[in-house]
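Input: a single structure, listed below in C-alpha cells.
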Amino acid sequence: LLIQPLPGATEADIQAIENRIGQLGVGISELVAQSQSVDEMLELLMGPLPYHVLERRAVGFTCNCSKERLSDTLVSIGKKGIADLVSDEKAEMVCHFCNEHYQFTLEELLQLSEQAE
Numbered sequence: 169l170l171i172q173p174l175p176g177a178t179e180a181d182i183q184a185i186e187n188r189i190g191q192l193g194v195g196i197s198e199l200v201a202q203s204q205s206v207d208e209m210l211e212l213l214m215g216p217l218p219y220h221v222l223e224r225r226a227v228g229f230t231c232n233c234s235k236e237r238l239s240d241t242l243v244s245i246g247k248k249g250i251a252d253l254v255s256d257e258k259a260e261m262v263c264h265f266c267n268e269h270y271q272f273t274l275e276e277l278l279q280l281s282e283q284a285e
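See below:
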C-alpha cells in the first residue's frame, strides 16, 4: 500500500493524513494483520479524508541472485581470499536478500582462483 501526495497537495493535506494515521493507535504491522483487504486498510488509514486510487498492481518479492553472480563476488575477493576458502576445501555463500544457500566445491574454488587477480 503506497500513499503518496500528488502535486497540488498542501501541507495541511499531508498533516491531516499523518494525524489520521497517528489516531489509529496501532502500527502498520497491526493494521495489516487486522485488515481483511487493502480497501479496508485504506479506509481505516484515510477515514473521512478524500482519496483516489490511481492503480492496483500485484507486487511480489524476487531476488536475482545466482551461483554465477556469487562466483563473480568470489573472484572479486582475489586469489588470497579464495585461497583461504580452498583450505576448507569448500565454501558456502548465503544470499542476504532471499536466504538462498550456494555451495562451492574445491574444484569450483580452484577454477575461480584462476580467474582472480
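Just so we're aligned, residue 169 is where the sequence shown starts under this note's numbering, counting upward by one.
Glycine residues also receive a C-beta, built at the ideal position from the N, C-alpha and C atoms.
Looking only at its chain, what residues have a beta carbon closer than 7 angstroms to the beta carbon of residue i, apart from the 5 residues adjacent to it on each side?
i	result
isoleucine 182	Pro173
histidine 220	none
As a quick exercise: from the options, pick the residue whose alpha carbon is nearest that of residue i.
i	options	result
glutamate 268	Cys231, Leu278, Leu170	Cys231
leucine 170	Val243, Cys233, Val200, Ala180	Val200
lysine 248	Ala226, Met214, Gln283	Gln283
leucine 242	Phe272, His264, Leu222	Phe272
glycine 190	Glu179, Leu222, Met214	Met214
Within its chain, find whatever has a CB closer than 8 angstroms to the CB of residue i; leave out the 5 residues flanking it on each side and keep chain order.
i	result
alanine 184	Leu217
Pull up the CB-CB distance for residue i and residue j, whole angstroms please, since I reckon it's below 8 angstroms.
i	j	result
leucine 277	isoleucine 250	6 angstroms
leucine 192	leucine 212	7 angstroms
Under 6 angstroms Cβ to Cβ from residue i, same chain only, skipping five residues before and after it: list those, please.
i	result
valine 262	His269
Is it right to say residue i is buried, meaning 16 or more other beta carbons lie within 10 angstroms of its own, or is it exposed?
i	result
leucine 280	buried
Alpha helix (DSSP H) segments (min. 4 residues) lying fully within the segment 223-275: 235-244, 246-254
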